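Number of protein chains: 2
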Amino acid sequence: MFITLDPISMAKDTQRRTEQRAALIAAAEAAIAGGGLGALKARDLAATLGCAVGAIYTLVADLDELVLLVGSRTLARLDAALAAADAGADGAGTDGTEAAVRRLEAVALAYARFAHAETALWRALFEFRMAPEKALPDWSVADQIGLFVHVDAPLAALLPGLDPERRGLLARSLFSAVHGILALGLEGKLVAVPQAHLEAQIALVVRAACRGLVAEQAEGPPS
Amino acid sequence: MFITLDPISMAKDTQRRTEQRAALIAAAEAAIAGGGLGALKARDLAATLGCAVGAIYTLVADLDELVLLVGSRTLARLDAALAAADAGADGAGTDGTEAAVRRLEAVALAYARFAHAETALWRALFEFRMAPEKALPDWSVADQIGLFVHVDAPLAALLPGLDPERRGLLARSLFSAVHGILALGLEGKLVAVPQAHLEAQIALVVRAACRGLVAEQAEGPPS
DNA sequence: CAGGGTTATGAACATCGTTCAAAAAAAGCT
DNA sequence: AGCTTTTTTTGAACGATGTTCATAACCCTG
Numbered sequence: 008m009f010i011t012l013d014p015i016s017m018a019k020d021t022q023r024r025t026e027q028r029a030a031l032i033a034a035a036e037a038a039i040a041g042g043g044l045g046a047l048k049a050r051d052l053a054a055t056l057g058c059a060v061g062a063i064y065t066l067v068a069d070l071d072e073l074v075l076l077v078g079s080r081t082l083a084r085l086d087a088a089l090a091a092a093d094a095g096a097d098g099a100g101t102d103g104t105e106a107a108v109r110r111l112e113a114v115a116l117a118y119a120r121f122a123h124a125e126t127a128l129w130r131a132l133f134e135f136r137m138a139p140e141k142a143l144p145d146w147s148v149a150d151q152i153g154l155f156v157h158v159d160a161p162l163a164a165l166l167p168g169l170d171p172e173r174r175g176l177l178a179r180s181l182f183s184a185v186h187g188i189l190a191l192g193l194e195g196k197l198v199a200v201p202q203a204h205l206e207a208q209i210a211l212v213v214r215a216a217c218r219g220l221v222a223e224q225a226e227g228p229p230s
Numbered sequence: 008m009f010i011t012l013d014p015i016s017m018a019k020d021t022q023r024r025t026e027q028r029a030a031l032i033a034a035a036e037a038a039i040a041g042g043g044l045g046a047l048k049a050r051d052l053a054a055t056l057g058c059a060v061g062a063i064y065t066l067v068a069d070l071d072e073l074v075l076l077v078g079s080r081t082l083a084r085l086d087a088a089l090a091a092a093d094a095g096a097d098g099a100g101t102d103g104t105e106a107a108v109r110r111l112e113a114v115a116l117a118y119a120r121f122a123h124a125e126t127a128l129w130r131a132l133f134e135f136r137m138a139p140e141k142a143l144p145d146w147s148v149a150d151q152i153g154l155f156v157h158v159d160a161p162l163a164a165l166l167p168g169l170d171p172e173r174r175g176l177l178a179r180s181l182f183s184a185v186h187g188i189l190a191l192g193l194e195g196k197l198v199a200v201p202q203a204h205l206e207a208q209i210a211l212v213v214r215a216a217c218r219g220l221v222a223e224q225a226e227g228p229p230s
């Protein structure tokens, strides 16, 4: 999940170079955290690093790559937060279904709190779109697919009979639904849930969806 | 819902000017539809309009205002599509609950189809963020709040006992949830629902949520 | 057609990301 | 140490971009 440097450049990477790269990523992270993706400027980075603009392009191919590197760090923290929430979900004194619901609710709320605490960095994960011709590097795709496991696992506990493929789709749907409530809500869009009610509404929707899904499965999966 | 021109400039607006403005908006719409918000460039607009760059700024204050004007048109079409879907939802031979569920499902699917058919323009509605210091013009906020009525009305039929404030929050939550599934799905993000399954998953989630909500209300609203 | 107000023009400015010839630094070598 | 070769860093320069504004063109009215 952590950033692994490209082996080709790694070979001739001195200690110094690696440190500079880390400093660059840290500066970029601070810039994005402070002012969103739009605040990531080559000249500003050079100023905080105390080097010339051109130096940046010896450490990194693009500013795009830099965004991806920062995104990788953000994803790692998010992954940890979701995993902790799932592990810490308390289902004591409840049947299996209720325990599973609580796990899903805990993961959703952890996602909400992460997004709220690190809004700018979190948003950067989704605002960013690679230029259509350039493909995402492999390490970046690996980062992202790890996320939805934290929804899929509790979902397997909730709906033991569901075949894994359908479950995968459902996990993605639930993840995206919660994401949507947060994305619009934290943006202050007018169609959105006001920030004060975000966590409560997410919990409500997650519980309702779980309940409906269990009921549907109980009477036989139609489609 | 339609664009009303600013009365101040309206006073001295000739026929010709209004036409140019319309042409500008049309060109901007085409540009965004073709290449997203990033493809809206002042010089390109001037080229397609056959005028100088400076002329644009006599018709419109900013490119931001232009984005808002295009957004207003998009919202009008979206509003019409959702209204039609709600009106056309067929609940024949079903009880009231099932009829309401079908209305909500129809609205959600209409949203999905609109987003799919006009992805770039639809995305522009949400990608765009006004500079923090400048406030949204009044006509733009009026456009947006009209949207969620198409969720709120069927929801009132589904849950007659729910008080309007809570219902409003729920309508916003459901809207945002469906939006999230679409937003991630149409972007091809990795945590997202694959495009081929978008409509089916949206229908599934909407139905499950409805079912869960009705069940919860039946046994008494706790919180 | 002369004068005055309105509108269009496009060169100019500031700000981006990115490049690249040249300078500086480091490393190798005798 | 001194010279050569390789590597790294530099920052001016390039091409886009949104926006402005003195100037020119236009249009209407008297």
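From first to last, the protein sequence lines stand for chains A and B.
So the number in this note's numbering is just where the residue sits in the first sequence, counting from 1, plus 7.
So the number in this note's numbering is just where the residue sits in the second sequence, counting from 1, plus 7.
Virtual Cβ for every residue (Gly too), placed ideally from N, Cα, C.
Here the structure is a predicted model, which is why all the values come from computation and not from measurement.
is_contact[residue i, chain B] using C-beta, thresh 8 Å
{"i": "A:Gly187", "result": "yes"}
{"i": "A:Ser183", "result": "yes"}
{"i": "A:Leu176", "result": "yes"}
{"i": "A:Arg114", "result": "For clarity, residue 114 of chain A is Val in the given sequence; the question names Arg instead. Closer than 8 Å: no."}
{"i": "A:Cys217", "result": "yes"}
{"i": "A:Arg179", "result": "yes"}
{"i": "A:Val277", "result": "With chain A covering only 8 through 230, there is no way to say anything about residue 277 of chain A."}
{"i": "A:Gln22", "result": "no"}
{"i": "A:Leu220", "result": "yes"}
{"i": "A:Glu226", "result": "no"}
Continuous alpha helix (DSSP H) stretch holding residue i: start and end
{"i": "B:Ala199", "result": "Segment: none, B:Ala199 is in no alpha helix (DSSP H) and carries neither H nor E."}
{"i": "B:Asp159", "result": "Val156 to Leu165"}
{"i": "A:Val114", "result": "Gly103 to Ala124"}
{"i": "B:Asp71", "result": "Leu70 to Gly95"}
{"i": "A:Asp65", "result": "Before going further, note that residue 65 of chain A is Thr rather than Asp in the sequence given. Residues Val60 to Leu66."}
{"i": "B:His186", "result": "Pro171 to Glu194"}
{"i": "B:Gly219", "result": "Leu205 to Ala225"}
{"i": "A:Glu26", "result": "Gln22 to Gly42"}
{"i": "B:Leu52", "result": "Ala49 to Leu56"}
{"i": "A:Ala149", "result": "Asp145 to Ile152"}
Buried versus exposed, by CB contacts within 10 Å (16 or more), residue i
{"i": "A:Thr21", "result": "exposed"}
{"i": "B:Ala225", "result": "exposed"}
{"i": "B:Thr11", "result": "Model confidence at B:Thr11 stands at a pLDDT of 36, short of 50, so the residue's coordinates are unreliable and nothing is read from them."}
{"i": "B:Tyr118", "result": "buried"}
{"i": "A:Glu112", "result": "buried"}
{"i": "B:Gln202", "result": "exposed"}
{"i": "B:Thr65", "result": "exposed"}
{"i": "A:Arg218", "result": "buried"}
{"i": "A:Thr101", "result": "exposed"}
{"i": "B:Gly61", "result": "exposed"}
{"i": "B:Gly103", "result": "exposed"}
{"i": "B:Ile152", "result": "exposed"}
{"i": "B:Leu73", "result": "buried"}
{"i": "B:Pro161", "result": "buried"}
{"i": "B:Gly41", "result": "exposed"}
{"i": "A:Trp138", "result": "Here residue 138 of chain A turns out to be Ala, not Trp, going by the sequence shown. Answer is exposed; the Cβ neighbour count stays below 16."}
{"i": "A:Asp170", "result": "exposed"}
{"i": "A:Leu189", "result": "buried"}
{"i": "A:Ala87", "result": "exposed"}
{"i": "A:Ala92", "result": "buried"}
{"i": "B:Glu36", "result": "buried"}
{"i": "B:Leu116", "result": "buried"}
{"i": "A:Ala68", "result": "exposed"}
{"i": "B:Pro14", "result": "Summary for B:Pro14: the model assigns pLDDT 39, below 50, so the residue's position carries little reliability; its value from the coordinates is reported in the next sentence. It counts as exposed."}
{"i": "B:Ala38", "result": "buried"}
{"i": "A:Arg109", "result": "buried"}
Interface flag, residue i vs chain A, CB-CB below 8 Å
{"i": "B:Arg109", "result": "no"}
{"i": "B:Leu12", "result": "Caution applies to B:Leu12, whose pLDDT of 38 falls short of 50 and renders its modelled position unreliable; the value that the coordinates give is listed next. No, B:Leu12 lies away from the interface with chain A (no Cβ there is under 8 Å from its Cβ)."}
{"i": "B:His204", "result": "yes"}
{"i": "B:Arg214", "result": "yes"}
{"i": "B:Glu223", "result": "yes"}
Output, in sequence order along the chain, the residues in the stretch 138 to 156 of chain B whose CB is closer than 7 Å to any CB in chain A.
Val148, Gln151, Ile152, Leu154 and Phe155
Can you list, in chain order, the residues of the stretch 191 to 202 of chain A whose Cβ is nearer than 9 Å to any Cβ on chain B?
Leu191, Gly192, Glu194, Lys196, Leu197, Val198, Ala199, Val200 and Pro201
Between the stretch 20 to 51 of chain A and chain B, which residues of the former have CB atoms less than 8 Å from a CB of the latter, in chain order?
none
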